[in-house]
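Below: one structure, written as structure tokens.
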Amino acid sequence: MIIEQLSVFLENRSGRLHEVFEILGKAKINVSACSMADTSEFGILRLIPSEPVKAREILKENLFSVNVSEVISFAAPNSPGALSRALKILADAGIGIEYLYGFSPGDKSFIVLRPDDAKRAVDEFQKHEMELISASDLYKF
Amino acid sequence: MEISIWNRHFETMPREPMRTLQSERLREVVERVYFNVPYYRAKMQEKGVGPEHIQSVDDLQKLPFTTKQDLRDNYPFGLFALPMSEIIRLHASSGTTGRPTVVGYSRRDIAVWSEVMARTLTAAGVTNKDFIQIAYGYGLFTGGLGLHYGGEKVGASVIPISGGNTRKQLQLMNDFGSTVLACTPSYASYLAEAIDESDISREDLKLRVGIFGAEPWTDNMRREIEKKLKIKAFDIYGLSEIIGPGVSFDCEYQNGLHINEDHFIPEIIDPETLEPLPEGELGELVFTTVTKEGLPIIRYRTRDLTRLHYDTCRCGRTLVRMDKCTGRSDDMLIIRGVNLFPSQIESVLLEMDETTPHYLLVVDRINNLDTLELHVEVEDRFYQDKISELQNLGKKIKNQIESTIGLSVNVKLVEPKTIERSEGKAKRVIDKRKLK
């Protein structure tokens, strides 16, 4: 249930983000989820590609700095309070959250989350019968 | 109107007597270093030169050069010509890999320093009626104390406020009625703007003279500062290895800086061939201190590029004049009055596990203050997913560098392999300041 996410260090320079996706596109790698964190000096692009190993290699070949981190993903009803209930599970278990990103296209919300302990977060969610999204569901075209 | 000159005897001495005096003093200093400083003796023996070969200033070229590296190799006191019991003051400048350049003064050296600074201040019209606000840094840096002793010598009321704390600078300038401001030219510009923005009106200030140096500035900057601060701005030149400020100074004609050549004999050499150049040609400035006791220095290569002019100045001084330095024969930068070699940055980066030696320094002048930005690549494994860790890494690099070079720096982490690699001499510095 743990998903490998790639983090790419990017300077704040126009066109740089586009290059990443161009390289992945040409290599026929799909991106299922992504988020960009920015500071005044640099940005970190976080993305979940269809083939993490290949995506990492290709980006490295193109001289990008790529870091792999473990995230989890889950679905929750698209209704008030649903995310709050999910996060409470982690809070009660004393699991910290580095960041999360997500959106709600219809009845459901999809969240990608980086907990400080991915394994325990998965255990807690499973214990509470949360709808976890598996890596194979995300590593898809 | 009578032009005031602190020491008319030496400052207006005709060339021939000056040469005789210099030759006499040169013979003495060569003897002193030969017999008291093993390092100098060895260097002279290597060249096959002894004190007996040095009879006049014409023999200067027979002597070996001294460089900053020689001072470092003899860190801290190896080149001193007196026992430490005779040394009453130590100053030091920041240095590569944590080894500063150390200079030592005897009681008489301090007196000579006060004398040359008194000449400097007198040439700028400073008298015992003035209030001199010294906004150069006090401490190991020679700027603050050099001006301080000169100010006391002419009998001015010295305000040893040191650098920084702009609000207090303005308050004292206003309340004490400072007439003379001594600081770096960039800080003077900064203060001018601060005055504009404060509720102090320029009309209430008594400021009339600025004594500015320790960093390169152009004549345009001078005109601008003079206009903004409504003062007359005087340039001063010096380096701690020779004595500190007071090596040379502007007179009211601002027509080149008069070198106190009865104490410091200048030469101009070709930095490549090391051969002396004729009068008026651009080359590297070299000094021999002929009266210093604690740390006499023979043919010190300043790396500053300038020209010398031996004709008598309109002010009446015969002291040789040097042009404003137009550059350096090495890669040293002067930032906010602090000397910086790119190699100092490099050695910090090499010592840290996280960083690579691939870096670029970007120097600029924004709102009249020099800024220093470091672009650096870090080792691949340190490009983290967590922003806080990357920011902490940036802070760590910043702290390491600031504690080594004594200058604040903005650190910008850049993507791997984005800093230009070059097969020849790598381009390490982009200086956007317009100083030429």
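The listed protein sequences correspond, in order, to chains A and B.
Letter by letter, the first sequence follows residues 16 to 156 of the working numbering.
Letter by letter, the second sequence follows residues 266 to 701 of the working numbering.
Heads up, the beta-carbon is just placed ideally off N, CA and C, and yes, glycines get one too.
Test: residue i CB closer than 7 Å to a CB of chain A
i	result
residue 497(B)	no
residue 652(B)	yes
residue 678(B)	yes
residue 259(B)	No statement about residue 259(B) is possible, as the shown extent of chain B runs from 266 to 701 and does not include it.
residue 648(B)	yes
residue 645(B)	yes
Cβ of residue i within 7 Å of any chain B Cβ
i	result
residue 158(A)	Here chain A comprises residues numbered 16 to 156, so residue 158(A) is not present and cannot be evaluated.
residue 36(A)	no
residue 78(A)	yes
residue 82(A)	yes
residue 70(A)	no
residue 22(A)	yes
residue 52(A)	yes
residue 19(A)	no
residue 56(A)	yes
residue 26(A)	yes
Where residue i sits in the DSSP three-state scheme
i	result
residue 519(B)	coil
residue 649(B)	coil
residue 28(A)	coil
residue 501(B)	strand
residue 536(B)	coil
residue 306(B)	helix
residue 148(A)	strand
residue 70(A)	helix
residue 546(B)	coil
residue 484(B)	helix
residue 696(B)	strand
residue 640(B)	strand
residue 20(A)	strand
residue 143(A)	coil
residue 468(B)	helix
residue 314(B)	coil
residue 586(B)	strand
residue 51(A)	strand
Cβ neighbours of residue i in the same chain (closer than 6 Å, five flanking residues each side left out)
i	result
residue 525(B)	381
residue 111(A)	131
residue 31(A)	25
Counted within 10 angstroms of its Cβ, other Cβ atoms place residue i as buried (16 or more) or exposed
i	result
residue 464(B)	exposed
residue 121(A)	exposed
residue 642(B)	buried
residue 309(B)	buried
residue 83(A)	exposed
residue 631(B)	exposed
residue 395(B)	buried
residue 33(A)	exposed
residue 518(B)	exposed
residue 624(B)	buried
residue 698(B)	buried
residue 443(B)	buried
residue 620(B)	buried
residue 601(B)	buried
residue 307(B)	exposed
Reference residue i; option with closest CA among the options
i	options	result
residue 492(B)	276(B), 544(B), 685(B), 453(B)	453(B)
residue 429(B)	455(B), 420(B), 412(B), 580(B)	455(B)
residue 692(B)	596(B), 393(B), 558(B)	596(B)
residue 668(B)	658(B), 487(B), 613(B), 680(B)	613(B)
residue 533(B)	678(B), 586(B), 675(B)	586(B)
residue 565(B)	296(B), 287(B), 334(B)	334(B)
residue 392(B)	270(B), 374(B), 406(B)	270(B)
residue 356(B)	406(B), 374(B), 347(B)	406(B)
residue 593(B)	574(B), 551(B), 498(B)	551(B)
residue 85(A)	117(A), 129(A), 28(A)	129(A)
residue 21(A)	54(A), 71(A), 76(A)	71(A)
residue 78(A)	398(B), 679(B), 399(B)	679(B)
residue 563(B)	273(B), 291(B), 276(B)	291(B)
residue 339(B)	547(B), 634(B), 303(B)	303(B)
residue 365(B)	605(B), 640(B), 629(B)	605(B)
residue 400(B)	446(B), 657(B), 414(B)	446(B)
residue 300(B)	348(B), 282(B), 653(B)	348(B)
residue 582(B)	312(B), 388(B), 354(B)	388(B)
Cβ neighbours of residue i in the same chain (closer than 8 Å, five flanking residues each side left out)
i	result
residue 137(A)	16, 17, 87, 147
residue 377(B)	508, 528, 556, 557
residue 353(B)	370, 371, 372, 375
beta-carbon residue i near the ligand ATP non-hydrogen atom, thresh 6 Å
i	result
residue 438(B)	With respect to the ligand ATP, the structure shown offers nothing to examine, as it has no ligands at all.
Close Cβ partners of residue i (< 7 Å) along its chain, the five nearest in sequence each way excluded
i	result
residue 410(B)	403
residue 561(B)	294, 297, 298, 346, 554
residue 450(B)	477, 480, 482, 486, 490
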